[in-house]
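Sequence order for the protein chains is A and B.
Heads up, the first sequence is in the numbering used here, so the first residue is 5 and it goes up one at a time.
Heads up, the second sequence is in the numbering used here, so the first residue is 5 and it goes up one at a time.
Ideal Cβ placement from N, Cα and C applies to all residues, glycine included.
Note that the structure is predicted; figures quoted are calculated from it, not measured.
There are 2 protein chains.
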Amino acid sequence: MASACASRLTPGMASLRSPFLSRSLFSRPISLLPFRGPTRCSSQLSASISTSSFTWDDVLRAACPRYSGDGDGEGDGDDSSDLAGFFEKIRLCNRGSEMQSDFLPFVVEDQIVGYVHHGFADHLRQFDDVFTFDQEGLNGSRFGGRVGLHHLLGTREDRTEAVARVVKCLGRELIPGIRNEHFPVKSSFGGSIIFSLERAAAPYFGIKAYGVHMNGYVEKDGQEYLWIGKRSEVKPTYPGMLDHLVAGGLPHDMACGENLIKECEEEAGIPRIISCGAIPVGAVSYMDIKGYSYKRDVLFCYDLKFPESFTPNNQDGEVESFKLIPVAQVANVIRRTEFFKPNCALVITDFLFRHGYIKPEYVGYLDLLESLRSGDCS
Amino acid sequence: MASACASRLTPGMASLRSPFLSRSLFSRPISLLPFRGPTRCSSQLSASISTSSFTWDDVLRAACPRYSGDGDGEGDGDDSSDLAGFFEKIRLCNRGSEMQSDFLPFVVEDQIVGYVHHGFADHLRQFDDVFTFDQEGLNGSRFGGRVGLHHLLGTREDRTEAVARVVKCLGRELIPGIRNEHFPVKSSFGGSIIFSLERAAAPYFGIKAYGVHMNGYVEKDGQEYLWIGKRSEVKPTYPGMLDHLVAGGLPHDMACGENLIKECEEEAGIPRIISCGAIPVGAVSYMDIKGYSYKRDVLFCYDLKFPESFTPNNQDGEVESFKLIPVAQVANVIRRTEFFKPNCALVITDFLFRHGYIKPEYVGYLDLLESLRSGDCS
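What follows is the structure, encoded as structure tokens:
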């Protein structure tokens with residue numbers, strides 16, 4: 005709750021003043037204009053995300069209410085009612101909207117299930133027993149045409165197998181990060197599954213992907229604290245960055261609630277008797293275009309209130325460590341740095357809205373609220 | 005929270021089986037298709053809202069988990085995961101979108117601040133020292149043109165005074181319900197105030213109106229209960245219908261939080277020491293066209309958790325009585341009846357999402373979530 009803006013850190017945390025602070029990851033000043041839609045990020049910004057290297061000391065310094073951007077140890081008028089830092093983080097999730105016309109709709113059973121870059125489509129043309137290419141324009145794509153599946157692939161299983169074969173042939177150079185996890189392909193969350201697709205290939209076919217993200221929090225003496233994870237330095241994606249307590253993609257054969265319980269066990273050692281108390285609280289969405297990749301993600305958000313006595317314990321080696329940080333200070337880290345994996349910043353911003361840390365009196369309140377569902381949230 | 009789906013009513017509540025149940029107010033079966041946008045309501049539906057007459061007994065019968073739609077006292081398979089009744093209530097707030105082209109944009113200082121029906125515009129034409137009518141089309145209105153203010157009305161005060169004079173001349177027949185309360189006219193919540201306008205006239209000029217709505221709840225033995233009000237039978241709008249604990253329009257000279265505290269005192273006798281604990285949790289919006297009226301409302305939502313010992317006490321005579329009802333049973337009343345003032349149903353549905361009573365596993369989850377902000381929420 006809003007009144008939980010604690011000015012102290014959890015006892016036992018390290019000093020807030022690290023002389024080794026990686027300044028390059030702190031946010032640059034940006035325009036105060038409210039967010040009006042996705043914009044393309046500079047390559048410098050992207051580079052800073054993929055080469056992240058910071059410590060918990062850096063995080064705690066940025067979290068500090070008396071934070072000084074210029075390093076002189078004095079507060080510099082940095083204002084928690086200034087939403088600019090939040091808008092910037094939303095933009096990190098929503099890049100490249102101006103490139104949408106470079107993509108062809110991927111249409112199966114008369115439903116648009118995805119979008120394929122015309123350059124990636126050129127790689128698919130050799131598989132003419134799997135993919136079809138109509139010249140007829142659809143939805144104003146500047147290249148006209150659409151991608152489809154061969155009419156002989158009439159069943160879900162046939163399609164799954166044929167596309168999997170193509171993904172394998174294209175190889176890891178074109179589609180990196182193959183995980184052998186299957187995502188359902190459908191036009192909307194409630195729609196029927198048209199086929200299943202390797203998770204790593206989903207953005208190359210512009211498939212909607214769904215996930216579950218959970219904010220784990222604790223209430224102590226009327227103040228709220230969030231459990232924050234720091235990703236392993238050896239994770240292939242976003243190594244070393246800050247993360248939620250629990251998050252995961254939604255496989256094709258599992259309901260949201262069940263998947264969350266599974267991820268709770270794997271990622272933070274949370275037993276079912278606790279995780280079954282997680283509360284679904286809404287969803288956020290974004291669309292992110294970069295090169296051939298068109299991510300269209302919808303994340304179902306959950307809150308789980310923990311007893312003070314609980315300590316998370318990563319089971320799968322993907323998290324380096326966890327810390328419990330006052331919510332208002334987590335908000336500072338989001339505003340001031342790029343330490344968080346971008347979509348986690350989005351889900352935590354949703355938490356900040358629902359728990360009263362972002363107020364209608366702050367300039368840009370409604371624009372920021374709307375921007376949390378910038379992608380097709382269906 | 006979701007696990008708070010109590011099956012019992014607050015002790016002391018009246019019998020659930022009223023032989024005088026007003027069945028006409030119970031929802032008719034509707035299509036299970038997810039909400040895809042505003043549709044026009046039947047006049048029968050509107051009539052049932054304006055002629056509401058039901059008792060708390062009727063409410064409690066509809067709230068009952070073992071509710072039987074056919075009155076035989078047996079459960080009829082009515083399913084809390086069926087969101088159709090919620091979609092229907094969202095539609096009640098979002099009527100007449102197909103009539104948008106009957107309205108001319110109302111443009112002041114190069115910003116669209118509202119929309120005026122061409123029929124209402126004809127009444128304004130006689131005031132040619134106040135209103136201007138450009139023929140140039142804007143935004144595809146089928147009548148072309150736009151309404152503006154005379155260039156000699158250069159200040160906020162001049163505009164406020166001139167338009168107030170017109171509203172007075174047009175009279176209560178054209179603009180009923182004059183309250184002598186002023187609303188700010190601006191293009192978005194954060195924009196500058198262009199002038200101020202009588203609250204009752206706002207929908208005739210299609211001005212965006214902002215309000216604050218608060219859900220007051222209590223947690224007892226791990227279960228959540230909502231305080232529900234029943235409006236006075238002599239209120240000019242929605243007499244006798246169910247309402248939140250506290251709600252009010254946002255005047256031009258007050259911040260959201262301050263306005264809420266004022267309304268808490270007036271509507272439910274909640275002292276500032278309690279009401280200052282209300283948490284802002286987001287916003288909902290809708291657009292509703294009927295005749296010359298074009299409502300574009302944005303409601304800032306608040307939650308306030310009360311101690312068990314607190315009992316609300318209406319101060320201004322606008323509420324007949326309050327009852328404390330388990331949240332899951334309030335959800336039943338919204339799904340099954342039209343007892344709630346429509347925009348209150350919207351705000352409570354938002355509460356149901358945030359507190360886990362509506363789950364991702366329910367068909368239509370994302371569509372219903374999106375529909376809570378069907379209007380321009382800026």
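Chain B residues whose Cβ lies nearer than 9 angstroms to that of Ser-382 of chain A: Taking the first sequence and counting its residues from 1, one reaches residue 382 of chain A at position 378. Result: Pro-38, Leu-370, Asp-371, Glu-374.
Does the separation of the CB atoms of Val-331 of chain B and Glu-177 of chain B fall below 8 angstroms? Against the second sequence, residue 331 of chain B aligns to sequence position 327. Against the second sequence, residue 177 of chain B aligns to sequence position 173. Not in contact: Val-331 of chain B and Glu-177 of chain B (Cβ atoms no closer than 8 angstroms).
State the beta-bridge partners of Ile-329 of chain B as determined by DSSP. For the purposes of this step, residue 329 of chain B is taken as the residue at position 325 of the second sequence. The partner list for Ile-329 of chain B (beta bridge, DSSP) reads B:Leu-230.
Alpha-carbon to alpha-carbon, Leu-249 of chain B and Thr-315 of chain B: As a first step, residue 315 of chain B is located in the second sequence; it is residue number 311 there, counting from the start. As a first step, residue 249 of chain B is located in the second sequence; it is residue number 245 there, counting from the start. Thr-315 of chain B and Leu-249 of chain B: Cα-Cα distance of roughly 11 angstroms.
Measuring alpha carbon to alpha carbon, tell me which residue in A:Phe-343, A:Phe-137, A:Arg-203, A:Ala-204 is nearest Tyr-242 of chain A. For the purposes of this step, residue 242 of chain A is identified with residue 238 of the first sequence, where counting begins at 1. Among A:Phe-343, A:Phe-137, A:Arg-203, A:Ala-204, the Cα nearest to that of Tyr-242 of chain A is on A:Phe-343.
Check each residue of the stretch 341-365 of chain A: if its Cβ is closer than 8 angstroms to any Cβ of chain B, include it; give the result in chain order. Phe-357, Arg-358, His-359, Gly-360, Ile-362, Lys-363, Pro-364, Glu-365
Let me know if Gln-139 of chain A comes out buried or exposed under the rule of 16 or more other beta-carbons within 10 Å of its beta-carbon. The residue given as residue 139 of chain A occupies position 135 in the first sequence. Flag for Gln-139 of chain A reads exposed.
Thinking Val-112 of chain A and Leu-246 of chain A are a contact (beta carbons under 8 angstroms), I'd like their distance in whole angstroms, please. In the first sequence, counting from the first residue as 1, residue 112 of chain A sits at position 108. In the first sequence, counting from the first residue as 1, residue 246 of chain A sits at position 242. Actually they do not touch by this definition, with Cβ atoms about 38 angstroms apart.
Output the distance between the C-alpha atoms of Gln-319 of chain B and Glu-262 of chain B, rounded to the nearest integer angstrom. Translated into positions along the second sequence, residue 319 of chain B becomes position 315. Translated into positions along the second sequence, residue 262 of chain B becomes position 258. Cα-Cα distance, rounded: 18 angstroms.
With a Cβ-Cβ cutoff of 8 angstroms, do Ala-66 of chain A and Arg-340 of chain A count as a contact? On the first sequence, position 62 is the one that residue 66 of chain A refers to. On the first sequence, position 336 is the one that residue 340 of chain A refers to. Cβ distance < 8 angstroms, so Ala-66 of chain A and Arg-340 of chain A count as in contact.
Give the residues from the stretch 295-313 of chain B that approach chain A closer than 9 angstroms (Cβ to any Cβ), ordered along the chain. Val-302, Phe-304, Tyr-306, Asp-307, Lys-309
Where the beta strand (DSSP E) through Arg-300 of chain B begins and ends: Here residue 300 of chain B refers to the residue found at position 296 of the second sequence. First-last of the beta strand (DSSP E) with Arg-300 of chain B: 297-310.
Residues that Gly-194 of chain B contacts on chain A, provided the C-beta gap is smaller than 9 angstroms: What you label residue 194 of chain B is simply residue 190 of the second sequence in a count that begins at 1. Those are Pro-38, Val-367, Gly-368, Tyr-369, Leu-370, Asp-371, listed as they occur along chain A.
Host alpha helix (DSSP H) of Phe-91 of chain A (start-end): The residue labelled residue 91 of chain A in the question sits at position 87 within the first sequence. Taken as a continuous stretch (DSSP letters only), the alpha helix (DSSP H) holding Phe-91 of chain A covers 88-97.
8 angstroms Cβ cutoff met for Asn-98 of chain A and Asp-292 of chain A: For this step, residue 98 of chain A is matched to residue 94 along the first sequence. For this step, residue 292 of chain A is matched to residue 288 along the first sequence. In contact: Asn-98 of chain A and Asp-292 of chain A (Cβ atoms closer than 8 angstroms).
Can you tell which of A:Ser-101, A:Cys-260, A:Asp-82 has the C-alpha that lies nearest to the C-alpha of Tyr-366 of chain B? Within the second sequence, numbered from 1, the residue matching residue 366 of chain B stands at position 362. Nearest option by C-alpha distance: A:Cys-260.
Any chain A beta carbon closer than 8 angstroms to Ala-1 of chain B: Residue 1 of chain B falls outside the range modelled here, since chain B spans only 5 to 382, and no answer is possible.
I need the DSSP call for Ser-46 of chain A, collapsed to helix, strand or coil. As a first step, residue 46 of chain A must be located in the first sequence, where it is residue number 42. Because the pLDDT at Ser-46 of chain A is just 33, under 50, the model does not fix this residue reliably, and the point stays unresolved.
Can you tell me the Cβ-Cβ gap for Pro-207 of chain B and Lys-266 of chain B, rounded? I've got them flagged as a contact below 8 angstroms. The sequence position of residue 207 of chain B within the second sequence is 203, counting from 1. The sequence position of residue 266 of chain B within the second sequence is 262, counting from 1. Wrong, their Cβ atoms sit about 23 angstroms apart, outside the cutoff.
Output the residue ranges of the beta strand (DSSP E) runs that lie fully inside the stretch 153-191 of chain B and measure 3 residues or longer, sorted by chain position. 186-189
In chain B, which residues lie less than 7 angstroms from Ala-287 of chain A when you measure between Cβ atoms? By 1-based counting over the first sequence, the position of residue 287 of chain A is 283. Per Cβ cutoff of 7 angstroms: Leu-370, Leu-373.
Which class does Gly-261 of chain A belong to by DSSP, given the choice of helix, strand or coil? Position 257 of the first sequence, counted from the start, is the residue given in the question as residue 261 of chain A. Three-state result, Gly-261 of chain A: helix.
For a test of the three-state rule: what should DSSP assign to Ala-205 of chain A, helix, strand or coil? Here residue 205 of chain A refers to the residue found at position 201 of the first sequence. The answer is helix: DSSP assigns Ala-205 of chain A an H, G or I state.
Work out the CA separation of Glu-312 of chain A and Leu-230 of chain B for me, nearest whole Å. The residue labelled residue 230 of chain B in the question sits at position 226 within the second sequence. The residue labelled residue 312 of chain A in the question sits at position 308 within the first sequence. Going by the C-alpha atoms only, they are around 27 angstroms apart.
Below 8 angstroms on the Cβ atoms is my contact criterion, and I expect Val-167 of chain B with Phe-199 of chain B to pass it. Report the Cβ-Cβ distance as a whole number of Å. If you number the second sequence from 1, residue 167 of chain B lands on position 163. If you number the second sequence from 1, residue 199 of chain B lands on position 195. With 8 angstroms as the limit, Val-167 of chain B and Phe-199 of chain B qualify as a contact, their Cβ atoms being about 6 angstroms apart.
Going by CA-CA distance only, name the one from A:Thr-164, A:Pro-188, A:Glu-237, A:Lys-239 that's closest to Tyr-214 of chain A. Within the first sequence, residue 214 of chain A is the residue found at index 210, counting from 1. Selected option, being the one with the closest Cα: A:Pro-188.
Using a C-beta to C-beta distance shorter than 7 angstroms, which residues of chain B count as neighbours of Ile-179 of chain A? As a working mapping, residue 179 of chain A is identified with position 175 in the first sequence. Under the 7 angstroms cutoff, chain B gives no residues; its nearest Cβ is about 28 angstroms from Ile-179 of chain A.
CB contact check: Ile-94 of chain B to chain A, cutoff 8 angstroms: What you label residue 94 of chain B is simply residue 90 of the second sequence in a count that begins at 1. No, because no Cβ of chain A sits closer than 8 angstroms to the Cβ of Ile-94 of chain B.
Can you confirm whether Pro-109 of chain B, when its beta carbon is compared against all beta carbons of chain A, has any partner nearer than 8 angstroms? Along the second sequence, one-based indexing puts residue 109 of chain B at 105. Answer no: the Cβ-Cβ gap between Pro-109 of chain B and chain A never drops below 8 angstroms.
Does Ala-272 of chain B come out as helix, strand or coil in the three-state DSSP assignment? Stepping through the second sequence from its first residue, residue 272 of chain B is reached at position 268. Looking at Ala-272 of chain B - three-state DSSP - the assignment turns out to be helix.
Can you find the residues in the same chain that come closer than 7 angstroms, C-beta to C-beta, to Ser-297 of chain B, ignoring five residues on each side of it along the sequence? As a first step, residue 297 of chain B is located in the second sequence; it is residue number 293 there, counting from the start. Excluding sequence neighbours, Ser-297 of chain B sits near Pro-207, Tyr-208.
Just to confirm, is the Cβ distance from Gly-233 of chain A to Phe-326 of chain A under 8 angstroms? In the first sequence, the residue the question calls residue 233 of chain A occupies position 229. In the first sequence, the residue the question calls residue 326 of chain A occupies position 322. Contact: yes.
Partners in chain B for Pro-284 of chain A, counting only beta-carbon separations shorter than 7 angstroms: Residue mapping note: residue 284 of chain A aligns to position 280 of the first sequence, counting from 1. Neighbours of Pro-284 of chain A on chain B, chain order: Gly-360, Lys-363, Pro-364.
Can you give me the start and stop residues for the alpha helix (DSSP H) that Ile-352 of chain A sits inside? Locating residue 352 of chain A in the first sequence gives position 348, where the first residue counts as 1. Residues 346-358.
Measuring only between beta-carbons, confirm whether Arg-99 of chain A sits less than 8 angstroms from chain B. Within the first sequence, numbered from 1, the residue matching residue 99 of chain A stands at position 95. Answer no: the Cβ-Cβ gap between Arg-99 of chain A and chain B never drops below 8 angstroms.
Under a three-way DSSP split, which group does Val-120 of chain A fall into? On the first sequence, residue 120 of chain A is found 116 positions in, with the first residue counted as 1. In this structure, Val-120 of chain A counts as strand in the three-state DSSP scheme.
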